[in-house]
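Data first, discussion second: the structure below is written as structure tokens.
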Amino acid sequence: RSAWDKKVYTTHNKIHVLFVFPWLSMGGADKFNLDLIKGLDKDKFEISIITTEKSDNEWLQLFRQETSEIFNLPNFLSPNDYPEFMDYFIKSREIDILFVSNSTEGYYLLPWIRKNFPHLAIVDYVHMEEWYWRNGGHARSSSIMGEIVEKTYVCNSATREVMIQQFHREPESVETVHIGIDEVKFDASKMRPGILYEELGISEKRPIVLFICRLHPQKRPFLMLKIAKQVRKKIKNVAFVVVGDGPQKEELESATKAMELENTVYFLGAKSEVRPYYKDAKVTLICSIKEGLALTAYESCAMGVPVVSADVGGQKDLIDSSVGKLIPFMQDEDKDFDSRDFSDKEINAYTDAIAELLSDEEKWKELSLNSRNRIEQKFTIKKMVQY
Numbered sequence: 002r003s004a005w006d007k008k009v010y011t012t013h014n015k016i017h018v019l020f021v022f023p024w025l026s027m028g029g030a031d032k033f034n035l036d037l038i039k040g041l042d043k044d045k046f047e048i049s050i051i052t053t054e055k056s057d058n059e060w061l062q063l064f065r066q067e068t069s070e071i072f073n074l075p076n077f078l079s080p081n082d083y084p085e086f087m088d089y090f091i092k093s094r095e096i097d098i099l100f101v102s103n104s105t106e107g108y109y110l111l112p113w114i115r116k117n118f119p120h121l122a123i124v125d126y127v128h129m130e131e132w133y134w135r136n137g138g139h140a141r142s143s144s145i146m147g148e149i150v151e152k153t154y155v156c157n158s159a160t161r162e163v164m165i166q167q168f169h170r171e172p173e174s175v176e177t178v179h180i181g182i183d184e185v186k187f188d189a190s191k192m193r194p195g196i197l198y199e200e201l202g203i204s205e206k207r208p209i210v211l212f213i214c215r216l217h218p219q220k221r222p223f224l225m226l227k228i229a230k231q232v233r234k235k236i237k238n239v240a241f242v243v244v245g246d247g248p249q250k251e252e253l254e255s256a257t258k259a260m261e262l263e264n265t266v267y268f269l270g271a272k273s274e275v276r277p278y279y280k281d282a283k284v285t286l287i288c289s290i291k292e293g294l295a296l297t298a299y300e301s302c303a304m305g306v307p308v309v310s311a312d313v314g315g316q317k318d319l320i321d322s323s324v325g326k327l328i329p330f331m332q333d334e335d336k337d338f339d340s341r342d343f344s345d346k347e348i349n350a351y352t353d354a355i356a357e358l359l360s361d362e363e364k365w366k367e368l369s370l371n372s373r374n375r376i377e378q379k380f381t382i383k384k385m386v387q388y
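In this text, residue positions in the sequence shown follow my numbering: the first is 2, and each later residue adds one.
Shown next, in the form of structure tokens:
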């Protein structure tokens with residue numbers, strides 16, 4: 002424990018929250034963290050952030066706009082010194098609430114923190130269970146700490162069921178809080194059409210299917226290529242646009258050439274501004290092996306773009322036949338992680354759903370309107386922060 006006994010603040014008239022995250026990078030979970038911290042009333046809350054993983058922390062400056070109290074532990078400490086620093090930090094900042102999300106080190110420090118700070122409120126937020134990683138991922142860590150945390154929040158109803166049924170958490174200790182989206186920012190009526198077509202240099206008569214994600218096995222990008230090849234047989238001028246970067250990008254680009262899809266599948270890399278791409282897209286494709294509830298689904302619906310998604314995680318909380326199509330997941334999450342072998346049945350299910358949306362303009366308009374309305378009624382960031 003730290004021998005430090007001084008306080009940083011002269012007065013303690015706000016609720017001081019310490020957020021413990023793995024990093025401050027680009028991603029759905031990090032976007033949730035940023036939105037939550039942005040939305041908190043700074044007259045009522047004091048904010049501090051500790052991160053526990055080595056990272057480039059690309060979004061550090063965005064978080065710094067909300068608080069200067071940010072410490073990336075691997076930058077200046079060895080792991081065996083993390084507990085002493087946490088002890089010093091909680092005492093010197095008079096922390097009232099500890100909020101942990103996606104940090105393995107953060108979770109495994111909790112019993113020690115609870116022992117030394119019995120009056121500290123501890124809550125955590127879980128985005129999804131991941132059977133292919135540590136047999137449950139952070140959902141398992143959270144469940145192990147169930148007797149220590151005051152409340153666990155999850156981003157979708159499916160993960161809540163897993164926490165209760167498979168990890169045996171008490172039902173009243175786990176609550177679903179959907180991430181939500183800024184519906185004012187993600188409003189298609191405020192965006193000029195044609196930007197994506199100009200960037201690609203293709204005809205505006207070509208319907209666009211957007212695949213926007215990290216290029217990682219979890220997102221099954223090689224399934225996307227097989228879907229693109231099949232859709233092209235039905236709609237010859239279709240364009241699949243990939244927005245994102247990741248460990249499989251180069252391999253994916255090579256596979257695109259090998260499958261002779263260069264004039265069908267286009268790679269734009271990671272983009273910090275994605276609204277112009279949704280504006281020009283007709284469908285957003287999500288074919289992941291696992292999701293909590295994808296940020297992409299929120300963004301797409303807010304922009305009035307129907308979503309064809311794998312029926313995994315909590316996607317069903319947002320996506321149904323009124324805003325797109327849910328496709329049954331036909332692999333084994335644990336055994337088939339990063340498998341490139343997809344059944345014709347699964348490929349054809351995606352193909353038929355996308356082709357139907359691209360071929361029926363009246364149906365598309367109805368789903369587009371429903372998508373926007375659903376976000377406005379149930380899934381805004383403001384509702385999430387208030388909750």
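Glycine included, every Cβ here is placed at the ideal spot set by N, Cα and C. The structure displayed is predicted, hence computed values, not measured ones.
Looking only at C-alpha atoms, which of 75, 52, 97, 26 sits nearest to residue 63?
26
Tell me, to the nearest whole angstrom, how far the beta carbon of residue 278 is from that of residue 213; I am working on the premise that it is less than 8 Å.
7 Å
Please report how far the alpha carbon of residue 16 lies from the alpha carbon of residue 49, in whole angstroms.
11 Å
Please report the straight-line C-alpha distance between residue 185 and residue 2, rounded to a whole angstrom.
46 Å
What is the rounded straight-line gap between the Cα of residue 388 and the Cα of residue 217?
32 Å
Is it buried or exposed for residue 57, if we count other Cβ within 10 angstroms and need 16 for buried?
exposed
Proximity winner among 73, 317, 92, relative to residue 6 (alpha-carbon distances)
92
Identified DSSP bridge partners for residue 73
52
Continuous beta strand (DSSP E) stretch holding residue 176: start and end:
175-177
Between the alpha carbons of residue 181 and residue 41, how many angstroms are there, rounded?
15 Å
Nearest to residue 301 by alpha carbon, out of 174, 157, 189?
189
Assign residue 69 to one of two classes, buried (16 or more other C-beta atoms within 10 Å of its C-beta) or exposed (fewer than that).
exposed
Residues in its own chain within less than 6 Å of residue 103 by CB, not counting five upstream and five downstream?
23, 30, 139
At 3 residues or longer, and completely inside the stretch 253-277: list those beta strand (DSSP E) runs for me, N to C.
266-270
Do residue 171 and residue 154 count as a contact pair if the criterion is CB distance below 8 Å?
no
Within its chain, find whatever has a CB closer than 7 Å to the CB of residue 297; leave out the 5 residues flanking it on each side and keep chain order.
213, 214, 285, 287
Smallest Cα separation from residue 270: which of 281, 262, 248?
248
Is residue 315 near residue 159, with beta carbons less than 8 Å apart?
yes
Assumed close pair residue 208, residue 370 - CB separation to whole angstroms, cut-off 8 Å:
So it is not a contact: roughly 18 Å between Cβ atoms.
With burial defined as no fewer than 16 other Cβ atoms inside 10 Å of the residue's Cβ, what is the status of residue 354: buried or exposed?
buried
Return the chain-ordered list of same chain residues with a C-beta closer than 7 Å to the C-beta of residue 356, the five sequence neighbours on each side being excluded.
232, 235, 236
Tell me, which residues are paired with residue 9 by DSSP?
DSSP output for residue 9 lists no bridge partner at all.
Counterpart residues of residue 131 in DSSP-defined beta bridges:
137
Grab me the residues of residue 224's own chain with a C-beta within less than 6 Å of its C-beta, minus the 5 sequence neighbours each way, in chain order.
288, 343
Quick check on this structure: which residue in 320, 73, 281, 308 has the alpha carbon closest to the alpha carbon of residue 197?
281
Where DSSP assigns a beta bridge to residue 326, which residues make up the other side?
309
Give me whichever residues DSSP pairs with residue 152 in a beta bridge.
124
Counted within 10 angstroms of its Cβ, other Cβ atoms place residue 389 as buried (16 or more) or exposed
Here the chain covers residues 2 to 388 and nothing more, so residue 389 does not appear.
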